[in-house]
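Notes to accompany the following structure.
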C-alpha cells in the first residue's frame with residue numbers, strides 16, 4: 102500500500118515547480134539554439150531527454166539540499182517534508198541518489214558536450230550544500246551558474262551552442278545570482294544559528310541587498326543584446342519589457358521586504374524566459 106504522505110513528501114522535496122521551470126529553460130535553450138525552422142525528429146527527442154535529465158537532476162539537488170539543511174529548516178521552514186516528519190532524511194537521501202543516477206544514465210544518450218555539462222552540474226548540485234553554501238557568495242555563484250546552465254544544456258543537446266545562447270546564459274545567471282543573495286537575507290536568522298557564513302552574515306544585510314540590486318541591473322542592462330545582435334526580431338523588446346519592469350520592482354521592494362522581493366523576481370525571470378520562447382516562435386510564423 103502506498104504511503105500517501107511519504108509520496109507527497111517526496112514530490113514536495115523536488116520543488117516540482119522549480120524543477121519543471123528548469124526543464125522549460127532547458128527546452129528554451131534548445132528551441133532558441135536551433136535557429137530558423139522547427140526541430141527535427143531527432144532534435145526533438147534529444148531535447149526531450151535533456152528536459153527529463155534537467156528535471157530529475159534539479160529534483161535530486163533540491164532533495165539532497167533539504168537533507169543537509171534539515172536542522173536549518175526546523176527553524177526557518179518547519180513545514181518542509183523532513184522537518185514535519187513526512188519523509189525521513191535517509192529516504193530523502195536515497196531518493197536523491199536515484200534521481201541523480203537516472204539523470205546520469207539518460208545523459209549517455211546526448212552529445213559529449215551535453216554529457217560534460219550534465220556531469221559537472223550534478224557534481225555541483227551534490228557539493229553545493231556540503232562545500233559551497235557556507236562560503237560567502239560561493240554558494241550563490243554556484244546556484245547562479247546552475248540556473249543559467251539550463252540554457253547551455255538545452256542547446257548542447259542538439260549541438261547548438263552559440264553566442265546567442267551565451268547571452269541567455271548570462272542573463273539567467275545574473276538574475277539568479279541576485280535572487281539567491283536576496284534569499285540569503287531572508288534566511289539570515291536560520292543560517293546564523295546553524296553557523297553558516299553566508300554573504301549577508303559576512304558583509305551585512307543592507308550591503309548584500311545593494312549588491313543584489315547592482316547584479317540585477319547588470320542583467321537588465323544586457324537584456325537588449327539579443328535584439329541588437331539580431332537573435333530576436335522587433336517583437337522581443339515589447340515582450341521583454343514587462344519582465345524588466347517586474348525585475349526592477351523586485352529590486353526596489355527587496356530593501357523593505359526580501360521575501361516578497363525574491364518572489365517577485367522569480368516571476369520576472371519566468372516572464373523573461375517566456376519572452377525568449379515567444380520571440381523565437383514569432384520567427385517561425
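Residue numbers (our numbering): 102 to 386.
Heads up, the beta-carbon is just placed ideally off N, CA and C, and yes, glycines get one too.
Item: Closer than 8 Å is the cut-off here; do at least three beta carbon pairs connect the segment 285-295 with the segment 172-183?; Value: yes
Item: Residue 91 by DSSP, collapsed to three states: which one?; Value: There is no way to answer for residue 91, as the model of the chain reaches only from 102 to 386.
Item: Answer with buried or exposed for residue 110, where buried requires no fewer than 16 other C-beta atoms within 10 angstroms of its C-beta.; Value: buried
Item: Please go through the same chain and pick out, in chain order, the residues whose beta-carbon is closer than 6 Å to the beta-carbon of residue 359, but skip the five residues on each side of it.; Value: 283, 286 and 287
Item: Note down, in chain order, each residue of its chain lying with its Cβ closer than 8 Å to the Cβ of residue 336, except the 5 sequence neighbours on either side.; Value: 379, 380 and 383
Item: For residue 146, I'd like the list of residues in its chain whose CB is within less than 7 Å of its CB, leaving aside the five on either flank, ordered along the chain.; Value: none
Item: Kindly indicate which residue of 369, 315, 128 and 267 has the alpha-carbon position closest to the one of residue 153.; Value: 128
Item: Under DSSP, the alpha helix (DSSP H) around residue 255 begins and ends at which residues?; Value: 239-257
Item: What would DSSP say about residue 231, mapped onto helix, strand or coil?; Value: helix
Item: For residue 269, collect the residues of the same chain with a Cβ closer than 6 Å to its Cβ; drop the 5 residues on either side in sequence, then sort them by chain order.; Value: 252
Item: According to DSSP, is residue 360 part of a helix, a strand, or is it coil?; Value: helix
Item: Considering only residues of the segment 107-188, which uninterrupted alpha helix (DSSP H) runs meet the minimum length of 4 residues and lie entirely inside it, listed in chain order?; Value: 117-134, 142-169, 171-177 and 182-185
Item: Would you mind listing the alpha helix (DSSP H) stretches within the segment 324-359 that are 4+ residues and don't spill past its ends, in chain order?; Value: 326-329 and 336-355
Item: Since residue 261 contacts residue 124 with CB under 8 Å, what's their CB separation in whole angstroms?; Value: Their Cβ separation, rounded to whole angstroms, is 17 Å, which puts residue 261 and residue 124 out of contact at 8 Å.
Item: How many whole angstroms separate the CB atoms of residue 169 and residue 230, which I take to be in contact at a CB cut-off of 8 Å?; Value: 4 Å
Item: Tell me the rounded alpha-carbon separation between residue 204 and residue 171.; Value: 24 Å
Item: Rounded C-beta distance between residue 351 and residue 341? I'm assuming under 8 Å.; Value: Actually they do not touch by this definition, with Cβ atoms about 15 Å apart.
Item: Using CA atoms only, rank isn't needed, just tell me which of 222, 263 and 317 is closest to residue 158.; Value: 222
Item: Are the beta-carbon atoms belonging to residue 188 and residue 114 less than 8 Å from one another?; Value: yes
Item: Assign residue 292 to one of three DSSP states: helix, strand, or coil.; Value: helix
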